[in-house]
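Enquirer: Using my numbering, you'd call the opening residue of the sequence shown number 1447 and step up by one each time.
One structure, pasted below without further comment.
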Amino acid sequence: MSVVSRLAVKTGEARRLAAAALIGASLAFAGHASADDDPPGPESVADIAVELLDSVVNISTSQTVTGSRNVPAPRLPDGSPFQEFFDEFFDQRPGTGDDNNRRPRRVQSLGSGFVIDESGIIITNNHVIEGADEITANFADGSRLKAELVGRDEKTDIAVLKVEPESPLRALPFGDSEGIRVGDWVMAIGNPFGLGGTVTVGIVSARNRDINSGPYDNFIQTDASINRGNSGGPLFNMAGEVVGINTAIISPTGGSIGIGFAVPSSTAVNVIQQLREFGETRRGWLGVRIQEVTEEIAEGLSMAEAVGALVAGVTDEGPAADAGILPGDVILQFDGQIVDAMHELPRMVADQPVGKEVEVKVLRRGEEQMVTVKLGRLEEAEAELAALSNEAEEEAEEPPVFEGPLGLSLSDLSPTLRDRFEIDEEVSGVVVTEVAAGSAAEEKRVQPGDVILEISQEPVATPEEVESRVNQLKTDGRKSALLLLANKDGDLRFVAVTIN
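Printed below as a string of structure tokens:
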């Protein structure tokens, strides 16, 4: 099964992986057709590569870890000549026993990086240096410089390092990743399997890839050979400009199968600038929870096509709430940029400076409106939300259960039910007590404890109102009912449930 893999490689496995790669390459070459049978390829990239190799570095890290490996070394028959190799591989020596497994040990890994400022600023991936006690930049001329961490960002997997060179380094320029097209030639330089500066060439296979690795995924996909150890290395266009930072691959074995991903320069440049200036990121914050506009939800909102980002919830006293954005609004444009899909909006917001006033176009009850929002800071909001907790305990008689429509058993939200389902005190509406097996609501993962706030953008407060609203939708010929649900913590989501 294919998996998404980060590309840093432990030095202990570098030799094994490199040997396997070389054997595979030899076999492929042996069965390759003659040059006369091959279609013409790109012109040589030698002139470009020779100018760039000195600016790409190998990043080596080490850290001290403790605790048992939980993998015992195999024991061979006494006198076996191979026991020494097993002992060395498992970092054990005869006679040390389990105590050796618990002692602190040094773990090393390798990745790639590249120079962007002659004073000694180097870019790599966060996962290459995460947890490292020591970071070293190894240059093509054999020199080694200790690197200090300037700042890192887990969400885009970017880290900025600083070295102190004796003479100015050769810096690489960033190019415009928005200008590259699918099919354009690109070149990667890095440190695959710990082999040192290695050049590979391929094309841009796709753009704006979302591989579910973070909230701002918009990767460049390439078939240029990228392997473990390439993490943090540059992806160049044919002008020798950095258009991406190699970050991940999809592979069942850990080796390249022609599906690699790079953070585009359009995303990286802003993050790098903030890390250099502040040592941390300072992203814009809108204060909404959003979800995808599916075909069913679009039908429920009478939209001609499924586009935009549906606002499922608004943070109290956040920028969106202050501007008047409401749950149920569909954000169609942000700061002049069209929001084609839900996953595009977080990146658009994060790229804007804190405190900027932006124009947001929303669709509300079938009408488009423009709203002006003054953005907050995401990192501050996340810290505040993490610290919040609210708990209330009340007792009261449980109200009767109402066998409502859509395969749902409904009830007024009493203190008893609030306590049973651990529903937040701020949540109000009609609580779902049971969901019929095989119903349309069960298929959409409506579950006991969910609270119905609206039916097709009309507020409901009692089970009878839910039934009346669904019956009206049937009369109007609607195929589905758009439910606004809150979970026990008050997080909102929209669900389009088919009306039988």
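In this text, a Cβ means the ideal position worked out from N, Cα and C, and glycines have one as well.
Could you give the first and the last residue of the continuous beta strand (DSSP E) run that contains P1680?
Expert: As a first step, residue 1680 must be located in the sequence shown, where it is residue number 234. Element bounds for P1680: 1680-1682.
Enquirer: Per DSSP, M1749 is paired with what?
Expert: Translated into positions along the sequence shown, residue 1749 becomes position 303. M1749 is not bridged to any residue.
Enquirer: Tell me whether P1861 sits in a helix, a strand or coil according to DSSP, three-state version.
Expert: Stepping through the sequence shown from its first residue, residue 1861 is reached at position 415. Note: P1861 maps to helix in three-state DSSP.
Enquirer: Would you call the CB atoms of G1678 and S1558 closer than 8 Å?
Expert: Along the sequence shown, one-based indexing puts residue 1678 at 232. Along the sequence shown, one-based indexing puts residue 1558 at 112. Closer than 8 Å, so yes.
Enquirer: For S1659 and E1741, I'd like the C-alpha separation in whole angstroms.
Expert: In the sequence shown, residue 1659 corresponds to position 213, counting from 1. In the sequence shown, residue 1741 corresponds to position 295, counting from 1. About 25 Å.
Enquirer: Along the chain, where does the alpha helix (DSSP H) containing A1766 start, and where does it finish?
Expert: Here residue 1766 refers to the residue found at position 320 when the sequence shown is read from its first residue. Run containing A1766: 1765-1769, per the alpha helix (DSSP H) assignment.
Enquirer: With distances taken Cα to Cα, identify the nearest neighbour of S1852 among L1928, P1861, I1581.
Expert: As a working mapping, residue 1852 is identified with position 406 in the sequence shown. Sequence check: residue 1852 is Leu here, not Ser. Closest by alpha carbon: L1928.
Enquirer: State whether the stretch 1730-1737 contacts the stretch 1765-1777, with contact taken as three or more CB pairs (one from each stretch) at a distance under 8 Å.
Expert: Contact between the stretch 1730-1737 and the stretch 1765-1777 is present, because at least three Cβ pairs lie under 8 Å.
Enquirer: In the DSSP assignment, find the unbroken alpha helix (DSSP H) run with R1915 in it and report its ends.
Expert: Within the sequence shown, residue 1915 is the residue found at index 469, counting from 1. Taken as a continuous stretch (DSSP letters only), the alpha helix (DSSP H) holding R1915 covers 1909-1921.
Enquirer: Using 10 angstroms around the beta-carbon of M1816, count the other beta-carbons present and answer buried if the total reaches 16, otherwise exposed.
Expert: Stepping through the sequence shown from its first residue, residue 1816 is reached at position 370. So M1816 ends up on the exposed side.
Enquirer: Note down, one range per segment and in chain order, each alpha helix (DSSP H) of at least 4 residues found wholly within the stretch 1697-1736.
Expert: Segments of the alpha helix (DSSP H) lying fully in the stretch 1697-1736: 1711-1724.
Enquirer: According to DSSP, is E1904 helix, strand or coil?
Expert: Taking the sequence shown and counting its residues from 1, one reaches residue 1904 at position 458. Residue state, collapsed to three classes: strand.
Enquirer: Where do the N-terminal and C-terminal ends of the alpha helix (DSSP H) with D1493 fall, by residue?
Expert: Here residue 1493 refers to the residue found at position 47 when the sequence shown is read from its first residue. Looking at the DSSP string, the run of the alpha helix (DSSP H) that includes D1493 is 1492-1498.
Enquirer: Here's a check: name, in chain order, each residue in its chain whose Cβ is nearer than 6 Å to the Cβ of V1574, leaving out the five neighbours to either side.
Expert: In the sequence shown, the residue the question calls residue 1574 occupies position 128. So the list reads A1454, I1505, G1557, S1677, G1678, once near-sequence residues are dropped.
Enquirer: Taking C-beta to C-beta, are N1664 and D1797 nearer than 8 Å?
Expert: Against the sequence shown, residue 1664 aligns to sequence position 218. Against the sequence shown, residue 1797 aligns to sequence position 351. No, these two residues do not count as a Cβ contact at 8 Å.
Enquirer: To the nearest angstrom, report how far apart L1821 and E1624 are at their CA atoms.
Expert: The residue you call residue 1821 lines up with position 375 of the sequence shown. The residue you call residue 1624 lines up with position 178 of the sequence shown. Cα-Cα distance, rounded: 25 Å.
Enquirer: Within 10 angstroms of its Cβ, does T1644 collect 16 or more other Cβ (buried), or is it exposed?
Expert: The sequence position of residue 1644 within the sequence shown is 198, counting from 1. Buried, because 16 or more other Cβ atoms sit within 10 Å of the Cβ of T1644.
Enquirer: Please state whether the Cβ-Cβ distance between E1738 and A1744 is less than 8 Å.
Expert: To locate residue 1738, count along the sequence shown from 1; it is residue 292. To locate residue 1744, count along the sequence shown from 1; it is residue 298. Going by C-beta atoms, E1738 is not nearer than 8 Å to A1744.
Enquirer: Rounded to whole angstroms, what's the CA-CA distance from A1471 to E1889? Just pull it up for me.
Expert: Position 25 of the sequence shown, counting from 1, holds the residue named residue 1471. Position 443 of the sequence shown, counting from 1, holds the residue named residue 1889. Any reading at A1471 is ruled out, since the residue's pLDDT is 42, under 50, leaving its predicted position unreliable.
Enquirer: Here's the rule: buried if 16 or more other CB atoms are within 10 angstroms of the residue's CB, otherwise exposed. What is T1570?
Expert: Taking the first residue of the sequence shown as position 1, residue 1570 is located at position 124. Label assigned to T1570: buried.
Enquirer: Take the Cβ of Q1783 as the centre, count every other Cβ of all protein chains shown within 10 Å, and call the residue buried at 16 or more, exposed below.
Expert: The residue labelled residue 1783 in the question sits at position 337 within the sequence shown. With fewer than 16 Cβ atoms within 10 Å of its Cβ, Q1783 is classed as exposed.
Enquirer: Contact between the stretch 1718-1728 and the stretch 1803-1815 is defined here as three or more beta-carbon pairs at a separation below 8 Å; is this criterion met?
Expert: Contact fails: fewer than three Cβ-Cβ distances are below 8 Å.
Enquirer: In angstroms with no decimal places, state the Cα-to-Cα distance between E1840 and D1937.
Expert: Sequence index remark: in the sequence shown, residue 1840 carries index 394 (1-based). Sequence index remark: in the sequence shown, residue 1937 carries index 491 (1-based). Low confidence applies here, because E1840 scores a pLDDT of 40, under 50, leaving its location unreliable and the question unanswered by this model.
Enquirer: Answer yes or no: do T1854 and V1873 have a C-beta to C-beta separation smaller than 8 Å?
Expert: Mapped onto the sequence shown, residue 1854 falls at position 408. Mapped onto the sequence shown, residue 1873 falls at position 427. In the sequence under discussion, the amino acid at residue 1854 is Leu, which differs from the Thr named in the question. Contact: no.
Enquirer: So, using beta-carbon positions, are R1653 and I1666 closer together than 8 Å?
Expert: Residue numbering aside, residue 1653 sits at position 207 when the sequence shown is read from its first letter. Residue numbering aside, residue 1666 sits at position 220 when the sequence shown is read from its first letter. Cβ atoms of R1653 and I1666: closer than 8 Å.
Enquirer: Compare the C-alpha of V1806 against each of E1825, V1785, E1826, R1793 and name the closest.
Expert: On the sequence shown, residue 1806 is found 360 positions in, with the first residue counted as 1. Residue V1785 is the option with its Cα nearest to V1806.
Enquirer: Taking only the alpha-carbon atoms, compute the straight-line gap between S1514 and V1553 and give it to the nearest angstrom.
Expert: Mapped onto the sequence shown, residue 1514 falls at position 68. Mapped onto the sequence shown, residue 1553 falls at position 107. Because S1514 carries a pLDDT of 49, less than 50, the predicted location of this residue cannot be relied on, and the following value inherits that uncertainty. If you take the alpha carbons of S1514 and V1553, they lie about 13 Å apart.
Enquirer: Measuring CA to CA, which of V1906, E1594, R1627, D1603 is closest to P1611?
Expert: Indexing the sequence shown from 1 puts residue 1611 at position 165. Selected option, being the one with the closest Cα: E1594.
Enquirer: Taking the beta strand (DSSP E) that M1633 falls in, what are its first and last residues?
Expert: Position 187 of the sequence shown holds residue 1633. Segment 1631-1636, the beta strand (DSSP E) holding M1633.
Enquirer: Suppose contacts are defined by Cβ-Cβ distances below 8 Å. Is I1691 in contact with S1697 by that definition?
Expert: Here residue 1691 is taken as the residue at index 245 of the sequence shown, counted from 1. Here residue 1697 is taken as the residue at index 251 of the sequence shown, counted from 1. No, Cβ-Cβ distance for I1691 and S1697 is not below 8 Å.
Enquirer: Is T1699 closer than 8 Å to A1670 when the C-beta atoms are compared?
Expert: Reading the sequence shown from its first residue, position 224 is the one you call residue 1670. Reading the sequence shown from its first residue, position 253 is the one you call residue 1699. The answer is no: Cβ separation not under 8 Å.
Enquirer: Please go through the stretch 1609-1677 and give each complete beta strand (DSSP E) segment of 3 or more residues, from N-terminal end onward.
Expert: For the stretch 1609-1677, whole beta strand (DSSP E) runs of length 3 or above, ordered along the chain, are 1631-1636, 1644-1655, 1665-1668.
Enquirer: Assuming contact is defined by CB atoms lying nearer than 8 Å, are L1931 and I1898 in contact in what I supplied?
Expert: Indexing the sequence shown from 1 puts residue 1931 at position 485. Indexing the sequence shown from 1 puts residue 1898 at position 452. Against a cut-off of 8 Å, the Cβ pair of I1898 and L1931 comes out as a contact.
Enquirer: What residue range is occupied by the uninterrupted alpha helix (DSSP H) comprising R1793?
Expert: Locating residue 1793 in the sequence shown gives position 347, counting from the first residue. 1790-1796 is the span of the alpha helix (DSSP H), which, as asked, contains R1793.
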